[in-house]
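So the structure is just underneath, and the comments pick up after that.
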Amino acid sequence: MDYALLREMMVETQLLTRGIRDSRVLEAMKKVQRHKFVPEAMLGSSYDDIALPIGEGQTISQPYMVAVMTELLAMSGDEKVLEIGTGSGYQAAVLSELAREVYTIERIPVLADKARARLEDLGYNNVFVVTGDGSRGLEDKSPFDRIIITAAAPELPVVIINQLREDGIIVGPVGDRMSQVVVKGRKKKGVLVEEFHTPCIFVPLIGEYGWKS
Ligand code: SAM
8 MDYALLREMM
18 VETQLLTRGI
28 RDSRVLEAMK
38 KVQRHKFVPE
48 AMLGSSYDDI
58 ALPIGEGQTI
68 SQPYMVAVMT
78 ELLAMSGDEK
88 VLEIGTGSGY
98 QAAVLSELAR
108 EVYTIERIPV
118 LADKARARLE
128 DLGYNNVFVV
138 TGDGSRGLED
148 KSPFDRIIIT
158 AAAPELPVVI
168 INQLREDGII
178 VGPVGDRMSQ
188 VVVKGRKKKG
198 VLVEEFHTPC
208 IFVPLIGEYG
218 WKS
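Quick note on numbering: the working numbering labels position 61 of the sequence shown as 68, and the sequence is numbered without any gaps.
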């Protein structure tokens, strides 16, 4: 299978047509090999316009959703980024192409271990995978320039917002268990100014400051 061609087509038909315009994001989406992050049985669907199961009841997000959320982070290349919800590691790899340093937290140890090994194998040496409850953020590495939550929360947890630097941006799906909207917040004078973007459906953020189970 010509995966490079499939990636080109994915960018043309799924991202450009739906309004993704940040050229750095488009280049990263063209470059990161999504097929290395999906289970072998799903290889043929690697560049389809859908989320795919990755085991443990979790998913690798739809390419378009990865692109939308990444574009909303408006990165220039020198950012320290926190991702909550490592999953397969794909979003972290995309962030790695666009930022200085990426910390990513996953609560399910087997997924964290697999993602860490995969990212290491692929040479993403500015990504650090942490196992634990990301609903608390990652206090000891804060403040972050950008934070992305890739699991659905009832609200953006205050404890995480506190780990965002002034003028920093946080993006994540907020809503109930069945449906959410992508929220972007920018910290201005210590207060989060929010915008509401694309409707979406993510698996839940489970933890102390997310859903309880
Ligand atoms: N970003 C991922 C990727 O590129 O494959 C997809 C993320 S998947 C939609 C959501 C992930 O968030 C799951 O792997 C899930 O286990 C994880 N998650 C849920 N609650 C969490 C928490 N409190 N801390 C860290 N990870 C959490």
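Even for Gly, the Cβ is constructed at its ideal location relative to N, Cα and C.
The DSSP-derived three-state label of K219 is coil. Within the region 165-211, the alpha helix (DSSP H) runs of at least 4 residues that lie entirely inside it are, in chain order, 165-168. For L118, the enclosing alpha helix (DSSP H) covers residues 116-128. Nearest to T66 by C-alpha distance, out of A122, R153, S149, is A122.
Per DSSP, V88 is one residue of the beta strand (DSSP E) stretching across 87-91.
Relative to the non-hydrogen atoms of the ligand SAM, the Cβ of T205 never comes closer than 8 Å to any of them. Bounds of the alpha helix (DSSP H) holding V73 are 70-79. Counting the other Cβ atoms within 10 Å of the Cβ of T77 gives 16 or more, which makes it buried. Excluding sequence positions up to five before and after F203, its CB lies within less than 7 Å of the CB of V188, V190, all in the same chain and listed in chain order. Not a single heavy atom of the ligand SAM lies less than 8 Å from the C-beta of Y71. If you draw a 10 Å sphere on the C-beta of L171, you find 16 or more other C-beta atoms in it, and that means buried. Taking a cut-off of 8 Å on C-beta distances, the region 129-143 touches the region 200-220, as three or more cross pairs fall below it.
Relative to the Cα of I156, the nearest Cα in the group Y131, D120, L199, G94 belongs to G94. When C-alpha distances from L163 are compared across D183, D174, R14, D147, the shortest belongs to D183.
CA-CA distance, Y10 to H42, rounds to 8 Å.
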